[in-house]
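Per this note's numbering: the sequence shown = residues 2 to 226.
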Amino acid sequence: MEILHQYLISHTIYKYLVADHGDMTALNQIDRSLVVQVFLEAVTALCVQSFFVFRIWRLSEKKLILVVPIASLIAANFGVATAYAVRGLRLKLFTELAELEALAFSMNGFAAAADVAIAATMCIILHSSKTEFQSSTLVINRLMLFSVRTGLLTSACACLSLVTNLTLGHSFVYICFFVLIGRLYANSLFSTLNARQRLRRQLHGSVSDLSTIALQDMPPGPVDA
């Protein structure tokens, strides 16, 4: 998925900056590879956000009341992005993209809302799992901070894409932020998977410390004669 996404980005840059350099008529035409990127980013967001929702479902002991609202935002984001891509393939000029402004705003809005909801729900679940032991609480705090960081980057990028589309819609500045969203989703997933071993070691270390403390606090047993 990432290789295909990188190919489409490279193809788009080559077309507008090399092949069609100086041709104002060609620069106003929409290259299909640019529109296909919208659908690829929607698929990436769907997979990554669904993974995080699955984690919430397991950590919350399968509480649908926490999962269904977030899943609805994810489904809405994917549906809007798919509609944007399908309608965008029918357009030929960038000036015609004004017809899809409502879809573009909704797409970025749903993406940011889903990321914030995922991070907030994860923090609430982890906070409720805290214990009186400092070592295990430290691990949970790190998990909460990690959840906020992964959700903050993608939601901030989606918000920047939305704001620049509203204020600088004719300059295509928003495209820079929109293209980054897919990469940030992939990086957030990879960083989460790569951090599991480190967090497990920290958790096992805290469990070992708790076991040592518990054994030290036990009263000595009777000594056999």
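We put the beta carbon where it would ideally sit given N, CA and C, even for glycine.
8 Å contact criterion, which residue i and residue j should meet: CB distance rounded
i: Asn29; j: Phe79; result: Not really, about 29 Å apart at Cβ, beyond 8 Å.
i: Thr37; j: Leu9; result: Residue identity check: residue 37 is Val in the sequence provided, not Thr. Confirmed, Cβ separation roughly 6 Å.
i: Ile126; j: Leu190; result: The Cβ separation is near 19 Å, so there is no contact.
Residue range of the unbroken alpha helix (DSSP H) whose run includes residue i
i: Tyr85; result: Leu65 to Gly89
i: Glu3; result: Glu3 to Tyr15
i: Thr122; result: Glu102 to Ser129
Residue i vs residue j beta-carbon contact at 8 Å
i: Ile57; j: Leu65; result: no
i: Gln50; j: Ala115; result: yes
i: Ser162; j: Asn195; result: no
i: Ser156; j: Ala113; result: yes
i: Ile176; j: Lys93; result: no
i: Ala118; j: Glu3; result: no
i: His6; j: Leu35; result: no
i: Ser107; j: Val81; result: yes
>> When you compare the region 87 to 107 with the region 65 to 74, are there three or more beta-carbon pairs, one atom per stretch, that lie closer than 8 Å?
In response: no
> Touching or not, the region 175 to 193 and the region 43 to 51, by the rule of three or more beta carbon pairs under 8 Å?
Replying inline: yes
> In chain order, which continuous runs of the alpha helix (DSSP H) of length 4 or greater are located wholly inside the region 22 to 61?
Replying inline: 25 to 28 and 33 to 60
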